[in-house]
Amino acid sequence: MQKMLSYVRRAVDQYHMIEEGDVIAVGVSGGKDSLALLSALAKLRRFYPKKFEVKAITLEMGYEEMDFTPVAKLCEELQVEYITEQTEIKTVVFDIRKEENPCSLCANMRRGALNSTAKAHGCNKVALGHHFDDVVETVLMSLLYEGRFSCFLPVTHLDRAEITVIRPMLYVPESYIRSLAKRLELPIVHNPCPADGSTKREEIKQLLRSLEQTNHGVRQRIFGAIQRYPLKGWAPDKTVRRKKGE
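Numbering (my numbering), first residue to last: 1 to 246.
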């Protein structure tokens, strides 16, 4: 967890993600990424110089086999308020719309529901569990499938929703999150989505694994290129220095 906190603290500091008095909602899907993020922010709030609150929000998608009771127990142990919101996202995407490529619509609906729920519960920021590998994969997906160089931002202010979205794990490799989740025995909830594992992102994951076999460090070079020749909002503030003892 110390290494995880180091990664998260670096991102939070360099991109000014957290301010005094923030109330941050962590979108908890039950996957390893969101649970690791929740655990890290819950611990970070204990010593971070700017005081902030953390709340966990789970959107009930409509899959009856998903049991979030262990997640609720984890939140209790972390002393984090746990909020669940019933939605009809699964019904709309798969039963009513019968989407052949459901990921985009599902993501948009989840994003809207999460932001509105966070706002309703007094949160001014939403933290998402995107990590280092997500950044690299998203850039390649945009480049190869859309013909443009773009990516989500470390910090995004949504004027209409009056919510700021932050991504504190952007320096954390997925392999480290996987290892941490195993060591901490995080209560991962299996996602029964029929589209899981058959997406364009999975194709990019396979491509990167293949490239790494003959070009070790390719992920780090792609990530570095984003920061050296930054998209708007991606230039880190490297003048930030921690005070001794922080």
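Even for Gly, the Cβ is constructed at its ideal location relative to N, Cα and C.
Does DSSP put Gln79 in a helix, a strand or coil? One-based indexing of the sequence shown puts residue 79 at position 79. If DSSP states are grouped into helix, strand and coil, Gln79 belongs with coil.
Residues near Glu246 in its chain [Cβ-Cβ closer than 8 Å; skip 5 each side]: Position 246 of the sequence shown, counted from the first residue, corresponds to residue 246. Unreliable positioning characterises Glu246 in this predicted model, as indicated by a pLDDT of 47, which lies under 50. The coordinate reading is nonetheless provided below. Cβ within range, chain order: Phe47, Pro49.
Minimum C-alpha distance to Gly71 - residue among Tyr63, Glu64, Glu81: For the purposes of this step, residue 71 is taken as residue 71 along the sequence shown, with counting starting at 1. Note on residue identity: the sequence assigns Val, not Gly, to residue 71. Taking only the C-alpha atoms, the option nearest Val71 is Glu81.
Check whether the region 136 to 146 touches the region 198 to 218, counting contact only when three or more Cβ pairs, one atom from each stretch, lie closer than 8 Å. yes
Taking the straight line between their C-alpha atoms, what separation do you get for Gly30 and Tyr229? Counting from 1 along the sequence shown, the entry for residue 30 is found at position 30. Counting from 1 along the sequence shown, the entry for residue 229 is found at position 229. For Gly30 and Tyr229, the distance between alpha carbons rounds to 35 Å.
Beta-carbon proximity check, His131 vs Leu170, cutoff 8 Å: For this step, residue 131 is matched to residue 131 along the sequence shown. For this step, residue 170 is matched to residue 170 along the sequence shown. Yes.
Which word fits Val189, buried or exposed, when buried means at least 16 other C-beta atoms lie within 10 angstroms of its C-beta? Within the sequence shown, residue 189 is the residue found at index 189, counting from 1. Answer is buried; the Cβ neighbour count reaches 16.
Taking the Cβ atom as the reference point for each residue, do Trp234 and Ile226 lie within a distance shorter than 8 Å? Within the sequence shown, numbered from 1, the residue matching residue 234 stands at position 234. Within the sequence shown, numbered from 1, the residue matching residue 226 stands at position 226. Yes, Cβ-Cβ distance for Trp234 and Ile226 is below 8 Å.
Closest by C-alpha distance to Val34, when choosing among Glu85, Gly122, Leu211, Pro168: Here residue 34 refers to the residue found at position 34 of the sequence shown. Per the sequence shown, residue 34 should be read as Ser rather than Val. Out of Glu85, Gly122, Leu211, Pro168, Pro168 has the C-alpha closest to the C-alpha of Ser34.
With distances taken from CA atoms, which of Leu114, Glu65, Thr164 is nearest Ile83? Taking the first residue of the sequence shown as position 1, residue 83 is located at position 83. Ranking the options by Cα distance to Ile83, first place goes to Leu114.
Ser150 to Glu60, Cα distance in whole Å? Here residue 150 refers to the residue found at position 150 when the sequence shown is read from its first residue. Here residue 60 refers to the residue found at position 60 when the sequence shown is read from its first residue. Each residue's Cα considered, the two are about 30 Å apart.
Straight-line gap, Thr199 to Pro154 (C-alpha atoms, nearest Å): Counting from 1 along the sequence shown, the entry for residue 199 is found at position 199. Counting from 1 along the sequence shown, the entry for residue 154 is found at position 154. Taking the straight line from one Cα to the other gives about 23 Å.
Taking the alpha-carbon of Lys238 as reference, which of Glu53, Gln14, Met1, Glu174 has the nearest alpha-carbon? Taking the sequence shown and counting its residues from 1, the one referred to as residue 238 is at position 238. Comparing Cα-Cα distances from Lys238 to each of Glu53, Gln14, Met1, Glu174, the minimum goes to Gln14.
Look up Gly245 in the DSSP assignment and say whether it is helix, strand or coil. Indexing the sequence shown from 1 puts residue 245 at position 245. Bear in mind that a pLDDT of 44 at Gly245, under 50, signals an unreliable position, so the number given afterwards is only what the model happens to contain. Coil.
CA-CA distance, Ile163 and Val218? Reading the sequence shown from its first residue, position 163 is the one you call residue 163. Reading the sequence shown from its first residue, position 218 is the one you call residue 218. In a straight line, the C-alpha of Ile163 is about 34 Å away from that of Val218.
On the CB-based measure, 16 or more other CB atoms within 10 Å of its CB, does Val240 come out buried or exposed? Within the sequence shown, the letter at position 240 stands for residue 240. By the neighbour-count rule (16 or more Cβ atoms within 10 Å), Val240 is not buried but exposed.
Comparing alpha-carbon positions, which option in His121, Ile18, Met4 lies nearest Thr157? As a first step, residue 157 is located in the sequence shown; it is residue number 157 there, counting from the start. For the record, residue 157 in the displayed sequence is His; it is not Thr. Among His121, Ile18, Met4, the Cα nearest to that of His157 belongs to Ile18.
Distance CB(Leu180)-CB(Met4) smaller than 8 Å: Position 180 of the sequence shown holds residue 180. Position 4 of the sequence shown holds residue 4. Going by C-beta atoms, Leu180 is nearer than 8 Å to Met4.
Identity of the residue in Ala118, Leu74, Gln220 nearest Ala40 by Cα: Taking the sequence shown and counting its residues from 1, the one referred to as residue 40 is at position 40. The candidate whose alpha carbon is nearest that of Ala40 is Leu74.
Whose C-beta lies closer than 8 Å to the C-beta of Leu231 among residues of the same chain, with five residues either side of it excluded? Within the sequence shown, residue 231 is the residue found at index 231, counting from 1. Closer than 8 Å at Cβ, skipping near neighbours: Phe149, Ser150, Cys151, Leu153.
Suppose the cutoff is 8 Å on Cβ atoms and the five residues either side in sequence are ignored; what does the same chain contact list for Leu38 look like? For this step, residue 38 is matched to residue 38 along the sequence shown. Excluding sequence neighbours, Leu38 sits near Val26, Val28, Val54, Ala56, Leu74, Cys75, Leu78, Val80.
So, under 8 Å CB-CB, Lys51 and Ile177 are touching, yes? Tell me the CB distance rounded to an integer number of Å. Here residue 51 refers to the residue found at position 51 of the sequence shown. Here residue 177 refers to the residue found at position 177 of the sequence shown. Actually they do not touch by this definition, with Cβ atoms about 26 Å apart.
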